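Start counting at 1 in the sequence shown, then tack on 2, and there's your number in my numbering. We put the CB at the ideal spot given by N, CA and C, even for glycine. In this text the structure is predicted, and so the values were computed from the model without any measurement. One structure is given here, and the rest of the page talks about it.
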Amino acid sequence: MVPTAVERIDLPGEPGEPATRIWSHAVRRAEGVFDIEIFDAGHRPLLVMEGLTLTPLPGAGGGTEADAERLHRIEWTDLTAPRPAPGQPGHWLVTGTGPEDGPQDAAPTGPASFPALLAGALGAAGARVTRTAGAVLPDDGDLPGHVAFVAPDATDGEDAQRRGLARLTALARACSDLPVPPRLTVVTNRAQAIGPDDVPDPGAALYWGFTRVLRREHPELLARVVDVDPADEPADWAAELVEDTAEDQVALRAGRRLAARLTRGAPDGESGALPAPRSGRQPFRAGARRPGAKEPVEFLPLARRAPGPGEIEVEVLAVALDHGDALRVFGPPAGVAGVLPLGSGCAGLVTAAGPDVTAFTLGDRVAACAAGTFASHVTVRAEHAVAVPDALGDAEAAALPLPMGAAWYALSDLGRLEPGETVLIDLPPQVAVRAAVEQVARVLGARIVTTSAAPNQDASDLVVDPADPAWTDAVRAATGGRGVDLILASPVGQPGDGRLDAVADGGRYITFGGTGGRALGAEAYSRGIALSAVHLPALLGPRSRRFAAALTAAWRLLTDGKLEPLPVRTRPMADAVAALRDSAEAAAGGVRTVLVDAPGVTEVTALPLSGGRFRPDGTYLLTGGLGALGLSLAEYLAAHGAGCLVLLGRSAPGPDAAARVEALRAAGTRVTTERCDVADPDAVRAVLARVREDLPPLRGVVHAAGLLEDATVRNLTEDQVHRVLAPKTAGARNLDEATAGDPLDLFVLFSSAAALVGNAGQAAYAAANSYLDALAEARRRRGRPALSVQWGPFTGTGLAASEEQRGARLEERGMGGFPPEEAWPALVRMLERDEPVIGYVPIALRRWFDAYPDTAALGSWERLHSAARDDSASAGGGDFLARLLATPAGDRPAVAEEEVRRLAGRVLRLGAEGVGSEVPFKELGLDSLMGLELRNRLEASFGLRLSPTLLWSYGTAAALAAALCERLPDPAAAG
Numbered sequence: 003m004v005p006t007a008v009e010r011i012d013l014p015g016e017p018g019e020p021a022t023r024i025w026s027h028a029v030r031r032a033e034g035v036f037d038i039e040i041f042d043a044g045h046r047p048l049l050v051m052e053g054l055t056l057t058p059l060p061g062a063g064g065g066t067e068a069d070a071e072r073l074h075r076i077e078w079t080d081l082t083a084p085r086p087a088p089g090q091p092g093h094w095l096v097t098g099t100g101p102e103d104g105p106q107d108a109a110p111t112g113p114a115s116f117p118a119l120l121a122g123a124l125g126a127a128g129a130r131v132t133r134t135a136g137a138v139l140p141d142d143g144d145l146p147g148h149v150a151f152v153a154p155d156a157t158d159g160e161d162a163q164r165r166g167l168a169r170l171t172a173l174a175r176a177c178s179d180l181p182v183p184p185r186l187t188v189v190t191n192r193a194q195a196i197g198p199d200d201v202p203d204p205g206a207a208l209y210w211g212f213t214r215v216l217r218r219e220h221p222e223l224l225a226r227v228v229d230v231d232p233a234d235e236p237a238d239w240a241a242e243l244v245e246d247t248a249e250d251q252v253a254l255r256a257g258r259r260l261a262a263r264l265t266r267g268a269p270d271g272e273s274g275a276l277p278a279p280r281s282g283r284q285p286f287r288a289g290a291r292r293p294g295a296k297e298p299v300e301f302l303p304l305a306r307r308a309p310g311p312g313e314i315e316v317e318v319l320a321v322a323l324d325h326g327d328a329l330r331v332f333g334p335p336a337g338v339a340g341v342l343p344l345g346s347g348c349a350g351l352v353t354a355a356g357p358d359v360t361a362f363t364l365g366d367r368v369a370a371c372a373a374g375t376f377a378s379h380v381t382v383r384a385e386h387a388v389a390v391p392d393a394l395g396d397a398e399a400a401a402l403p404l405p406m407g408a409a410w411y412a413l414s415d416l417g418r419l420e421p422g423e424t425v426l427i428d429l430p431p432q433v434a435v436r437a438a439v440e441q442v443a444r445v446l447g448a449r450i451v452t453t454s455a456a457p458n459q460d461a462s463d464l465v466v467d468p469a470d471p472a473w474t475d476a477v478r479a480a481t482g483g484r485g486v487d488l489i490l491a492s493p494v495g496q497p498g499d500g501r502l503d504a505v506a507d508g509g510r511y512i513t514f515g516g517t518g519g520r521a522l523g524a525e526a527y528s529r530g531i532a533l534s535a536v537h538l539p540a541l542l543g544p545r546s547r548r549f550a551a552a553l554t555a556a557w558r559l560l561t562d563g564k565l566e567p568l569p570v571r572t573r574p575m576a577d578a579v580a581a582l583r584d585s586a587e588a589a590a591g592g593v594r595t596v597l598v599d600a601p602g603v604t605e606v607t608a609l610p611l612s613g614g615r616f617r618p619d620g621t622y623l624l625t626g627g628l629g630a631l632g633l634s635l636a637e638y639l640a641a642h643g644a645g646c647l648v649l650l651g652r653s654a655p656g657p658d659a660a661a662r663v664e665a666l667r668a669a670g671t672r673v674t675t676e677r678c679d680v681a682d683p684d685a686v687r688a689v690l691a692r693v694r695e696d697l698p699p700l701r702g703v704v705h706a707a708g709l710l711e712d713a714t715v716r717n718l719t720e721d722q723v724h725r726v727l728a729p730k731t732a733g734a735r736n737l738d739e740a741t742a743g744d745p746l747d748l749f750v751l752f753s754s755a756a757a758l759v760g761n762a763g764q765a766a767y768a769a770a771n772s773y774l775d776a777l778a779e780a781r782r783r784r785g786r787p788a789l790s791v792q793w794g795p796f797t798g799t800g801l802a803a804s805e806e807q808r809g810a811r812l813e814e815r816g817m818g819g820f821p822p823e824e825a826w827p828a829l830v831r832m833l834e835r836d837e838p839v840i841g842y843v844p845i846a847l848r849r850w851f852d853a854y855p856d857t858a859a860l861g862s863w864e865r866l867h868s869a870a871r872d873d874s875a876s877a878g879g880g881d882f883l884a885r886l887l888a889t890p891a892g893d894r895p896a897v898a899e900e901e902v903r904r905l906a907g908r909v910l911r912l913g914a915e916g917v918g919s920e921v922p923f924k925e926l927g928l929d930s931l932m933g934l935e936l937r938n939r940l941e942a943s944f945g946l947r948l949s950p951t952l953l954w955s956y957g958t959a960a961a962l963a964a965a966l967c968e969r970l971p972d973p974a975a976a977g
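So this is what it looks like as structure tokens:
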């Protein structure tokens with residue numbers, strides 16, 4: 003690991019003697035980002051580094067190698083290309099859930115409905131179109147070759163979208179029972195987030211998870227899902243539907259055709275196309291982002307630090323900006339990364355004081371100097387703060403301490419300026435200290451020479467123009483030929499630029515803001531001219547006591563009326579970018595820009611982990627928090643910093659849960675348990691009201707509640723759909739709406755890999771989790787924090803483990819599991835990656851494609867099929883079929899039975915020898931899900947499309963083998 007960036011370095015003080023022993027304290031803020039403090043033997047701070055970024059050297063590896071095999075996500079690949087002329091579009095049935103019906107050419111009496119537009123476009127493309135309402139097949143016997151189910155959209159409401167799943171279920175069953183099943187296409191309206199401006203409809207996304215399972219269970223339907231935007235041309239929708247394609251998941255946007263690709267591995271880089279996630283009003287610090295950032299000033303959560311010895315905390319009411327802040331925002335130095343602090347002066351109220359501070363009490367109005375004062379609160383050295391007189395406003399006070407203190411230090415302490423001496427002030431007008439320097443010089447009784455760029459030339463005894471080659475002659479003439487006693491210049495002095503010629507022998511040359519005077523060393527030395535530099539970071543760091551004395555002296559003159567406030571222009575803190583753009587113009591006129599109204603900053607970038615840990619001063623709410631999985635996560639959160647947990651469950655905690663809750667409390671975590679049905683919006687609002695009244699600010703929500711009822715599409719009921727959807731979808735919606743005003747760092751939804759890959763028997767569950775995925779996408783596109791994790795099976799706990807055989811079945815098919823101890827660190831890494839939706843599931847690709855051979859032909863699985871690099875399943879099937887067809891017809895049933903027993907034994911985990919020829923499959927334990935898997939394997943081996951009822955109609959190995967042989971093609975006829 004090598005350091006590549008740092009946000010802030012502070013040198014609070016120097017050790018009393020050379021340090022022979024030091025202490026260090028490091029906090030991991032995020033992956034590869036640390037905050038480090040170094041103390042001397044007396045525990046006095048010597049060095050503070052915030053935001054130190056450490057980057058692994060190439061090839062150094064890391065601790066997250068497993069992520070590369072477990073992380074999966076959907077990417078969209080652009081397949082836009084001129085379409086070939088379509089063949090015969092055929093007969094289409096367009097149906098949905100709306101009440102409207104009528105002939106395809108009926109003249110609409112109002113705005114055309116979505117199904118009507120699609121039907122019209124298909125008709126224009128040459129298709130024969132029939133429309134029905136209620137998602138039913140026509141009863142006149144005129145059966146279509148293609149069915150388009152138009153899913154209800156957001157305008158229909160979520161209740162209609164939920165009911166539509168039941169109608170799609172009935173439609174799929176009816177289509178599957180036809181002698182020649184039609185191809186089924188599900189059309190959704192903006193269910194997917196394709197571009198950065200797409201805000202998906204979670205209710206429409208239900209149909210994506212459902213259709214993935216439908217394709218798995220009923221391959222004979224060749225089910226696919228197409229997402230469209232009603233703003234596009236209906237002709238594009240029709241062109242996609244009539245095309246014969248292997249693409250099973252397609253989105254159409256503005257003339258572009260994009261296809262889904264299931265992709266393995268962590269995404270490259272950050273999700274930069276999305277706005278940074280925002281949280282609600284809370285303590286913040288502002289910083290300049292890296293070059294090229296969309297938002298050059300970012301408001302970040304602030305972990306308020308209690309003041310130590312010699313320190314005070316200030317609630318910032320006004321913060322002064324200068325030219326250096328504008329440079330950090332609009333032109334940071336090359337190679338600078340991370341977030342640069344802004345602001346060096348502020349005014350506000352004392353909210354806390356260190357144990358030895360006696361100069362200030364709580365509520366005192368103060369002005370103060372420190373790096374990074376653009377924040378809601380700042381902890382500063384008490385010696386760098388001064389009391390603000392009642393007659394001075396906050397904005398004027400914020401603009402004064404740094405310029406006045408620096409001017410006094412430069413002219414009086416370092417420059418030793420005496421009455422009657424002449425000082426040349428050659429500072430750019432943008433430098434905030436210039437106006438203060440002129441005032442201090444006048445108070446010290448000096449004659450003042452300024453450049454022509456001075457904003458207030460009336461204060462000068464002489465004005466010169468450095469662009470005039472004879473300007474030094476004018477200076478010497480005005481000083482009796484000797485030159486000025488002191489020059490205060492910007493760090494641009496070079497031999498031959500004339501500035502040194504304007505200084506008297508034995509005079510002083512001070513550069514302000516750098517060390518440019520070093521180049522003048524030889525000539526200055528020969529003339530006895532002392533060279534010095536004023537470096538503000540050093541004044542506020544190692545030389546803090548000197549600056550404190552200078553600030554005290556200058557502030558006394560201000561309160562006595564000998565120095566005057568500087569002119570300021572105020573802007574709201576929320577308008578910092580615009581204020582900084584105008585600050586250069588304002589400074590040129592001698593006006594400082596001051597930002598006020600910290601409460602007006604209502605959106606702060608959400609950081610899921612503050613200082614690399616969960617917040618000790620925050621509350622985290624977990625639904626499903628009283629189950630074994632929720633308690634495991636609660637224990638992890640508590641062990642990694644979370645100070646307060648609210649665990650929600652539908653029932654009171656049982657004995658084991660109660661014992662684990664008490665153990666958390668005994669370890670110092672504040673834990674509240676609540677009985678709550680998250681599908682009930684009133685119950686959710688009531689819980690959150692109690693949280694806001696009694697507990698620390700709500701910082702995180704984890705929605706882990708869920709219900710899993712396995713059922714194939716053929717057996718799925720509307721009641722099951724409702725029971726499975728309610729805790730997931732209604733719960734997520736209620737939490738989303740009820741926490742809109744809370745300062746959340748994270749909003750995590752526990753989705754499932756069932757939504758990603760389409761687990762057989764989990765159509766309703768996959769639909770519910772697709773809703774969560776789309777909700778996370780929608781939240782992120784609205785600038786709110788969200789992460790939906792499509793978890794694979796947890797081992798030992800969770801829904802996959804609740805049924806004894808479920809996890810084993812998934813493992814057999816290639817979907818592995820993992821313990822919670824592996825999942826929670828992975829969750830932290832996923833939070834730090836800032837992706838809205840990511841799958842975490844181990845998939846053994848060879849076993850997967852062996853169990854689901856038809857998957858290899860789907861466009862969405864193209865990348866993973868290529869990654870598998872193993873066509874053994876399909877190759878083996880082809881070898882068997884060739885051997886079977888070469889076998890004499892009378893001998894085929896015996897060969898076929900051997901294959902049936904082999905495949906059935908694998909599915910039943912009995913081995914071929916455990917499957918008797920005449921023993922019914924049901925007696926061996928074959929259920930509907932196993933039947934689906936066996937049918938898939940039989941189709942791959944025998945090269946047939948099989949009816950979903952075939953296994954139950956011919957329920958033994960011998961009977962099934964004979965039936966399969968009857969359906970084999972005749973080689974002679976084929977030849």
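- The alpha-carbon of Leu582 is positioned some 28 Å away from that of Ser612.
- Distance between Cys678 and Ser653, taken at the CA atoms: about 8 Å.
- Beta-bridge partners assigned by DSSP to Val570: Arg594.
- Taking each of Leu953, Gly945, Phe749 in turn and checking the Cα distance to Leu928, the smallest one comes out for Leu953.
- The alpha carbon of Val368 has as its nearest neighbour, out of Gly374, Pro357, Val382, the alpha carbon of Val382.
- If the five residues before and after Ala555 are omitted, its C-beta is found closer than 8 Å to the C-beta atoms of Trp410, Ser414, all from its own chain and listed in chain order.
- For Arg615, no beta strand (DSSP E) segment is defined, and its DSSP state is neither H nor E.
- Within its own chain, the residues whose Cβ lies closer than 8 Å to the Cβ of Gln722, once the five positions on either side in sequence are excluded, are Glu711, Ala713, Ala766, listed in chain order.
- In the displayed model, Tyr411 falls within a helix according to three-state DSSP.
- Around the C-beta of Val299, 16 or more other C-beta atoms lie within 10 Å, and the residue is accordingly described as buried.
- Ranked by how close their Cα comes to the Cα of Pro493, the residues Val505, Ser534, Trp473 have Ser534 in first place.
- Within the same chain, Pro204, Ala207, Leu208, Thr731 come within 6 Å of Tyr773 by CB-CB distance, once the 5 residues on both sides are set aside.
- In this structure, the beta-carbon distance from Val380 to Leu426 does not fall below 7 Å.
- Taking C-beta atoms as the reference points, Pro146 and His220 fail to come closer than 7 Å.
- In the structure shown, Pro343 falls within a strand segment according to DSSP collapsed to helix, strand and coil.
- Looking at the DSSP output, Arg133 shares a beta bridge with Val96.
- Taking the CA atoms as reference points, Val451 sits about 28 Å from Ala400.
- Note on the region 765-829: whole beta strand (DSSP E) runs with a minimum of 3 residues are 789-793, in chain order.
- With respect to Ala959, Ser919 sits close: the two C-beta atoms are nearer than 7 Å.
- Cβ-Cβ distances below 8 Å link Leu905 to Leu936, Arg939, Leu940, Ser943 in the same chain, with the five nearest sequence neighbours on each side left out; the list follows chain order.
- Considering only Arg259, Ala240, Leu700, Asp246, the residue with the shortest C-alpha distance to Leu81 is Arg259.
- Contact annotation: Ala397 and Val704 have beta-carbon atoms that are not nearer than 7 Å.
- Remark: three or more beta-carbon pairs, one from each stretch, lie closer than 8 Å, so the region 147-155 and the region 184-192 are flagged as touching.
- If you compare the alpha carbons of Gly267, Arg175, Ala268 with that of Ala225, the shortest gap goes to Arg175.
- Taking all protein chains shown into account, Pro181 has fewer than 16 neighbouring C-beta atoms within 10 Å of its C-beta and is therefore exposed.
- Look at Asp141 here: in three-state DSSP terms it is coil, with no helix or strand label.
- Taking the C-beta atoms as reference points, Val689 is found no nearer than 7 Å to Thr621.
- A Cβ-Cβ distance of about 23 Å is found for the pair Pro202 and Ala123, leaving them out of contact under the 8 Å criterion.
- In this structure, Leu926 lies away from Leu946, with their beta-carbon atoms at least 7 Å apart.
- Ranking Ala361, Val244, Gly841 by CA distance to the CA of Val390 puts Ala361 first.
- In the three-state DSSP reduction, Ser862 falls in the helix class (H, G or I).
- Under DSSP, the beta-bridge partners assigned to Asp12 are Val50.
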